[in-house]
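J.: Quick one: the structure is below, and I'll ask about it shortly.
In structure tokens form, the structure reads like this:
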């Protein structure tokens with residue numbers, strides 16, 4: 001088979017240990033091999049194992065690797081800090097505030113937010129966080145850690161765990177209360193919601209009448225109907241990310257290799273090798289999200305000059321100068337060189 005012959009040749013010339021272009025090529029070659037294997041597996045008398053993923057997303061090892069990425073690169077911090085600033089400003093003068101985090105994970109976003117509330121003139125408001133996640137154990141443990149932190153900061157606090165997929169959320173799970181300002185936060189999560197479910201989910205969020213909705217997503221078009229378009233878009237996008245990792249980590253860094261292998265390589269594999277419901281990395285560009293949000297009755301809230309200044313200060317903490325911050329109709333985009341990587345926006349009803 002011609003495709004198998006070409007992939008065999010690619011596997012001989014690319015390496016996950018070379019420069020950034022060689023490493024990203026190795027990831028895409030593996031993804032193409034997985035796609036070919038899936039195609040062959042649908043044919044009679046053919047048996048091909050599914051691509052192997054060493055760790056589950058909830059394992060302690062993966063959490064350690066995410067912590068490496070969090071500390072080494074500004075991507076996740078930019079998402080958290082920008083969203084936090086918009087929420088903090090929306091909660092100004094409010095005495096009771098509620099944040100619904102649509103993907104709470106380990107709650108890394110909220111310690112800095114709690115500290116900002118604790119420093120507010122007149123003291124912190126009563127803070128309630130609803131943490132959404134698919135793992136009951138994870139969302140409960142995150143709540144325990146955040147409760148301890150809030151107590152140490154003297155922030156009146158209540159935590160509610162919701163172990164559900166986003167498409168299964170229902171209004172009663174949020175326990176909306178009278179006199180409570182509400183923020184809904186989504187960082188790199190909405191793109192995973194199936195297409196038929198995203199509209200009803202946004203409509204339900206709108207009906208909760210939030211003061212602010214913060215949305216951060218990968219600035220890429222990986223959800224097109226044609227494979228070649230998705231492939232080329234993903235190749236350019238992840239080439240920029242791998243280039244930024246090259247500039248951020250020391251040469252031959254084992255930590256960088258783990259970040260690439262266990263965070264970004266699985267994303268590439270999902271975009272390239274999977275179809276239908278198995279393809280969950282359905283990234284869309286800001287303009288697509290803008291149309292979707294406006295179509296569901298939301299209006300854009302321009303991110304403030306404080307958010308811009310804070311992001312510039314954040315980028316100044318990193319020694320490499322390839323990170324770029326741009327503004328687009330009240331939204332902020334973080335990129336590497338001339339390629340946008342993340343887009344942050346805020347919305348209200």
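Numbering (full-length UniProt numbering), first residue to last: 1 to 349.
Note that the Cβ used here is the ideal one computed from N, Cα and C, for glycine as well.
1) Does the Cβ-Cβ distance between residue 180 and residue 286 come in under 9 Å?
2) Please report how far the alpha carbon of residue 91 lies from the alpha carbon of residue 315, in whole angstroms.
3) By the DSSP assignment, the alpha helix (DSSP H) with residue 311 in it spans what residues?
4) What did DSSP end up calling residue 280 once you bin it into helix, strand or coil?
5) Check each candidate in 183, 193, 185 and name the one with the smallest Cα separation from residue 166.
6) Under the rule that 16 or more other beta-carbon atoms within 10 Å means buried, what is residue 202, buried or exposed?
7) Just how far apart, CA to CA, sit residue 227 and residue 25?
8) For residue 311, count neighbouring C-beta atoms within 10 Å of its own C-beta (all shown protein chains included) and say buried if the count is 16 or more, exposed if not.
9) Taking the beta carbon of residue 29 as the centre, do at least 16 other beta carbons fall within 10 Å, making it buried, or is it exposed?
10) Please state whether the Cβ-Cβ distance between residue 169 and residue 107 is less than 9 Å.
11) Using 8 Å as the Cβ pair cut-off and three pairs as the minimum, do the stretch 115 to 124 and the stretch 170 to 179 touch?
12) Rounded to a whole number of angstroms, what is the C-alpha to C-alpha distance between residue 296 and residue 182?
13) In terms of residue numbering, what span does the alpha helix (DSSP H) encompassing residue 107 cover?
14) With a Cβ-Cβ cutoff of 9 Å, do residue 211 and residue 294 count as a contact?
15) Can you tell me whether residue 207 is buried or exposed, with buried defined as 16 or more other CB within 10 angstroms of its CB?
16) Looking at the strands, I want to know which residues DSSP matches up with residue 189.
17) Measure how close the beta-carbons of residue 100 and residue 130 come, nearest whole angstrom, since I'm counting them as under 8 Å.
18) Give me whichever residues DSSP pairs with residue 235 in a beta bridge.
19) Check the DSSP bridge columns for residue 130 and list the partner residues they point to.
20) Enumerated in chain order, which unbroken segments of the alpha helix (DSSP H) with a length of 4 residues or greater are wholly contained in the stretch 192 to 277?
21) Roughly how many angstroms separate the alpha carbons of residue 306 and residue 323, rounded to a whole number?
22) Would you decide whether residue 45 is buried or exposed? Buried here means 16 or more other CB atoms lie within 10 Å of its CB.
23) Taking the alpha carbon of residue 18 as the reference point, which residue from 110, 215, 253, 288 has its own alpha carbon closest?
24) Are there three or more Cβ pairs, one per stretch, closer than 8 Å when the stretch 230 to 238 is compared with the stretch 264 to 275?
25) Roughly how many whole angstroms lie between the Cα atoms of residue 250 and residue 73?
26) Measuring CA to CA, which of 23, 264, 283 is closest to residue 195?
27) Tell me whether residue 31 counts as near the ligand NAD, meaning its Cβ is closer than 8 Å to at least one heavy atom of that ligand.
28) Tell me the DSSP bridge mates of residue 345?
29) Can you tell me the Cα-Cα spacing of residue 140 and residue 40, whole angstroms?
30) Residue 303 and residue 345: beta carbons closer than 9 Å?
31) Start and end of the beta strand (DSSP E) containing residue 324?
32) Look at residue 248 and residue 331 and say whether their C-beta atoms are less than 9 Å apart.
33) Taking all protein chains shown into account, decide if residue 49 is buried (16 or more other Cβ within 10 angstroms of its Cβ) or exposed.
34) The alpha helix (DSSP H) spanning residue 143 covers which residue range?
35) Cα separation between residue 214 and residue 85?
36) Taking only three categories from DSSP, how would you classify residue 119?
T.: Taking the definition as stated:
1) In the chain shown, counting from the first residue as 1, residue 180 sits at position 180. In the chain shown, counting from the first residue as 1, residue 286 sits at position 286. The Cβ-Cβ distance between residue 180 and residue 286 does not fall below 9 Å.
2) Numbered from its first residue, the chain shown carries residue 91 at position 91. Numbered from its first residue, the chain shown carries residue 315 at position 315. Just so you know, the alpha carbons of residue 91 and residue 315 end up roughly 26 Å apart.
3) For this step, residue 311 is matched to residue 311 along the chain shown. Run containing residue 311: 305 to 316, per the alpha helix (DSSP H) assignment.
4) By one-based count along the chain shown, residue 280 stands at place 280. Coil.
5) For this step, residue 166 is matched to residue 166 along the chain shown. Residue nearest to residue 166 within the set 183, 193, 185 is 193 (criterion: CA-CA distance).
6) Counting from one through the chain shown, the residue named residue 202 turns up at place 202. So residue 202 counts as buried.
7) Translated into positions along the chain shown, residue 227 becomes position 227. Translated into positions along the chain shown, residue 25 becomes position 25. C-alpha separation (whole angstroms): 17 Å.
8) One-based indexing of the chain shown puts residue 311 at position 311. Classification for residue 311: buried.
9) On the chain shown, position 29 is the one that residue 29 refers to. Counting the other Cβ atoms within 10 Å of the Cβ of residue 29 gives 16 or more, which makes it buried.
10) Here residue 169 is taken as the residue at index 169 of the chain shown, counted from 1. Here residue 107 is taken as the residue at index 107 of the chain shown, counted from 1. No, these two residues do not count as a Cβ contact at 9 Å.
11) Not touching, per the Cβ criterion.
12) The sequence position of residue 296 within the chain shown is 296, counting from 1. The sequence position of residue 182 within the chain shown is 182, counting from 1. So the alpha carbons of these two residues sit roughly 18 Å apart.
13) On the chain shown, residue 107 is found 107 positions in, with the first residue counted as 1. Counting along the chain, residue 107 falls outside any alpha helix (DSSP H), and DSSP gives it neither H nor E.
14) Taking the first residue of the chain shown as 1, we reach residue 211 at position 211. Taking the first residue of the chain shown as 1, we reach residue 294 at position 294. Going by C-beta atoms, residue 211 is not nearer than 9 Å to residue 294.
15) Within the chain shown, residue 207 is the residue found at index 207, counting from 1. By the Cβ-count criterion, residue 207 is exposed, with fewer than 16 other Cβ atoms from all chains shown falling within 10 Å of its own Cβ.
16) In the chain shown, residue 189 corresponds to position 189, counting from 1. Beta-bridge pairing by DSSP links residue 189 to no other residue.
17) Here residue 100 refers to the residue found at position 100 of the chain shown. Here residue 130 refers to the residue found at position 130 of the chain shown. Indeed they touch by this definition, with Cβ atoms about 5 Å apart.
18) Locating residue 235 in the chain shown gives position 235, where the first residue counts as 1. For residue 235, which the question treats as bridged, DSSP gives no partner whatsoever.
19) To locate residue 130, count along the chain shown from 1; it is residue 130. According to DSSP, residue 130 bridges with 100, 160.
20) Entirely contained in the stretch 192 to 277, the alpha helix (DSSP H) runs reaching 4 residues are, in chain order, 195 to 207, 227 to 248, 254 to 259, 265 to 273.
21) By one-based count along the chain shown, residue 306 stands at place 306. By one-based count along the chain shown, residue 323 stands at place 323. Answer to the nearest angstrom: the Cα atoms are 19 Å apart.
22) Taking the first residue of the chain shown as 1, we reach residue 45 at position 45. Unreliable placement is indicated for residue 45, whose pLDDT of 46 sits below 50; no coordinate value is reported for it.
23) To locate residue 18, count along the chain shown from 1; it is residue 18. Ranking the options by Cα distance to residue 18, first place goes to 253.
24) The answer is yes - the stretch 264 to 275 touches the stretch 230 to 238, with three or more Cβ pairs under 8 Å.
25) Here residue 250 corresponds to residue number 250 of the chain shown, with the count starting at 1. Here residue 73 corresponds to residue number 73 of the chain shown, with the count starting at 1. The straight-line gap from Cα to Cα measures roughly 13 Å.
26) Numbered from its first residue, the chain shown carries residue 195 at position 195. The option with the nearest alpha carbon to residue 195 is 283.
27) With respect to the ligand NAD, the structure shown offers nothing to examine, as it has no ligands at all.
28) The residue you call residue 345 lines up with position 345 of the chain shown. Paired residue(s): 215.
29) Here residue 140 refers to the residue found at position 140 when the chain shown is read from its first residue. Here residue 40 refers to the residue found at position 40 when the chain shown is read from its first residue. When rounded, the distance between both Cα atoms is 42 Å.
30) Stepping through the chain shown from its first residue, residue 303 is reached at position 303. Stepping through the chain shown from its first residue, residue 345 is reached at position 345. Note that the C-beta distance between residue 303 and residue 345 is below 9 Å.
31) Along the chain shown, read from residue 1 onward, the residue named residue 324 stands at position 324. In the DSSP assignment, residue 324 falls within the unbroken beta strand (DSSP E) covering 323 to 328.
32) By 1-based counting over the chain shown, the position of residue 248 is 248. By 1-based counting over the chain shown, the position of residue 331 is 331. Going by beta carbons, residue 248 and residue 331 fall outside the 9 Å limit.
33) One-based indexing of the chain shown puts residue 49 at position 49. Note on residue 49: pLDDT 38, under 50, position unreliable in the model; no value is reported.
34) Residue mapping note: residue 143 aligns to position 143 of the chain shown, counting from 1. Note, residue 143: alpha helix (DSSP H), 136 to 153.
35) Taking the first residue of the chain shown as position 1, residue 214 is located at position 214. Taking the first residue of the chain shown as position 1, residue 85 is located at position 85. The alpha-carbon of residue 214 is positioned some 10 Å away from that of residue 85.
36) On the chain shown, position 119 is the one that residue 119 refers to. In this structure, residue 119 counts as coil in the three-state DSSP scheme.
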